[in-house]
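Heads up: the protein sequence lines correspond to chains Y and A, in order.
Position 181 of the first sequence, counted from 1, bears residue number 181 in my numbering, the numbering being contiguous throughout.
Whatever position you read off the second sequence (first residue = 1), add 204 for my numbering.
Glycine included, C-beta positions come from ideal geometry on N, C-alpha and C.
Note that the structure is a prediction, hence the values are computed from the model and not measured.
2 protein chains.
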Amino acid sequence: MTDLTLYSMPSSGNSYKVRLMLALLGRKVDTIDVEYGWESLARAKKEGRLPFGKAPVLDLGDGTLLPESNAILVWLGRDTRFVPSDALEQAQMLSWMFWEQNQHEGVIAVRAALLSYPHRKAQATPARLAELLESGNALLGIMEDHLRGRDWLVGDSVSLADLCLYAYTHTAETRGGFDLAPFPALRGWLERVAGLDGYVGIDA
Amino acid sequence: MTDLTLYSMPSSGNSYKVRLMLALLGRKVDTIDVEYGWESLARAKKEGRLPFGKAPVLDLGDGTLLPESNAILVWLGRDTRFVPSDALEQAQMLSWMFWEQNQHEGVIAVRAALLSYPHRKAQATPARLAELLESGNALLGIMEDHLRGRDWLVGDSVSLADLCLYAYTHTAETRGGFDLAPFPALRGWLERVAGLDGYVGIDA
């Protein structure tokens, strides 16, 4: 239980998901911070510690390197309250998690990245930012519609779907330049995640 | 077992994954074909049959609509030989499946889409196509490195990871304009998938 090592990018929502999950589970792991421009990132890549070239990666301590934030959540979440016992609810949880990686992250997180990272600045044209704002609002609208009258994305309790989508949604205003005022159900849901026992913020 | 309905886009690798899985399992379902520009797609969207606005969606026949190709694979794959029994191999299978949706599809499938779909043609600039070719070759290289000396992506047998990545990889040459000659291990793996009992092609 103690020999896990997390390769984590401090600025990244994908890495934050895993840090949040570990905090909610009360699990301590060694963390190696790898950030754009840092020597630690170049070294981790060079030494083959990031199988897909990206953080986060969980080193299981026996030579196994598990990449992909949402796969790490599933691995850490087995036999915990964050994975529903019902097979259909598990599939619905995964639907949201694949949607997050295929649609949500490519718009909400990308807009934040274009606005934040110096190496992405050239792509941050007004047309591209406007296009991402429009697509992002449509994606946030899908979450809003679903959350109206519900506390959590799947079933009656918090699951990995909520944790994974919280990561880039909760910084959509501060980093991505989105306005969440038109999404009251979404805002209520963000507050419920932030109120979970053991919660840590992205900058903690 | 008989009242499943699949909303499937004939031209889409994501929909093909599900059709391939059903064929390998020998399961028959009703299929509603929805294609760009077809009335059936507009109707399915209007009637709320596509929760995230995209195909494929599996209608479970009891009012439940399950979107996201890879989540549908997991749902159909439970208790079959396509999901490993070992928890770590399950997580590794999901790593490849999230990587497919987050990285591979956004490059390999997008290049094919820019070259094939009339409504994407404006984005098919030489610079964008060149950039996607370079990124795509790097992604194919990750698969090649991993498959060297292995038959399947995870463990010793075929899993959902292979089916999901097969979909857009096997048309990378014909639709995406990639050259697979430098990737012999990948080509061997494509042949192994195509040799599975019950296999159907994307145009079947």
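- Interface residue (Cβ-Cβ distance to chain A less than 7 Å): residue 98(Y) is classified as such.
- Within the region 283-296 of chain A, those residues whose Cβ lies closer than 8 Å to any Cβ of chain Y are, in chain order, 291, 292, 294, 295, 296.
- A distance of 7 Å or more separates the beta carbons of residue 220(A) and residue 238(A).
- The Cβ-Cβ distance between residue 107(Y) and residue 56(Y) does not fall below 7 Å.
- Contact check for residue 288(A) against residue 216(A) fails: the beta carbons are separated by 7 Å or more.
- Residue 299(A) has a beta carbon lying within less than 7 Å of a beta carbon in chain Y.
- Rounded to the nearest angstrom, the Cβ distance from residue 291(A) to residue 78(Y) is 6 Å, consistent with a contact under 8 Å.
- Taking a Cβ-Cβ threshold of 9 Å, the residues of chain A close to residue 66(Y) are 292, 295, 296, 299, in chain order.
- Per DSSP, residue 261(A) is one residue of the beta strand (DSSP E) stretching across 261-263.
- Where residue 236(A) is concerned, the enclosing beta strand (DSSP E) starts and stops at 234-237.
- Around residue 275(A), the beta-carbon contacts reaching into chain Y at under 7 Å are 91, 94, 95, 98.
- Taking 7 Å as the upper bound on Cβ-Cβ separation, chain Y lies near residues 346 of the region 326-348 of chain A.
- The CB of residue 279(A) comes closer than 7 Å to the CB of 91 in chain Y, given here in chain order.
- In chain order, 102 make up the part of chain Y whose C-beta sits under 9 Å from the C-beta of residue 309(A).
- Residue 256(A) belongs to the set of residues whose beta carbon lies under 7 Å from a beta carbon in chain Y.
- Residue range 126-147 is occupied by the alpha helix (DSSP H) that includes residue 135(Y).
- In this structure, DSSP gives residue 5(Y) an extended state, which the three-state scheme calls strand.
- The beta carbons of residue 343(A) and residue 308(A) sit about 5 Å from each other, so the pair counts as a contact at 8 Å.
- Residue pairing by DSSP places residue 271(A) opposite 261(A) in a beta bridge.
- The alpha-carbon separation between residue 199(Y) and residue 182(Y) amounts to approximately 25 Å.
- In this structure, the alpha-carbon of residue 323(A) lies about 36 Å from that of residue 296(A).
- Relative to the Cα of residue 202(Y), the nearest Cα in the group 68(Y), 30(Y), 185(Y), 172(Y) belongs to 172(Y).
- With a cutoff of 7 Å on beta-carbon distance, residue 302(A) and residue 70(Y) are scored as near each other.
- Each residue's CA atom was taken as its position, placing residue 28(Y) and residue 267(A) some 42 Å apart.
- In the assembly as shown, residue 240(A) is an exposed residue. Its beta-carbon has fewer than 16 other beta-carbons within 10 Å.
- Residue 252(A) places its beta carbon 7 Å or farther from that of residue 207(A).
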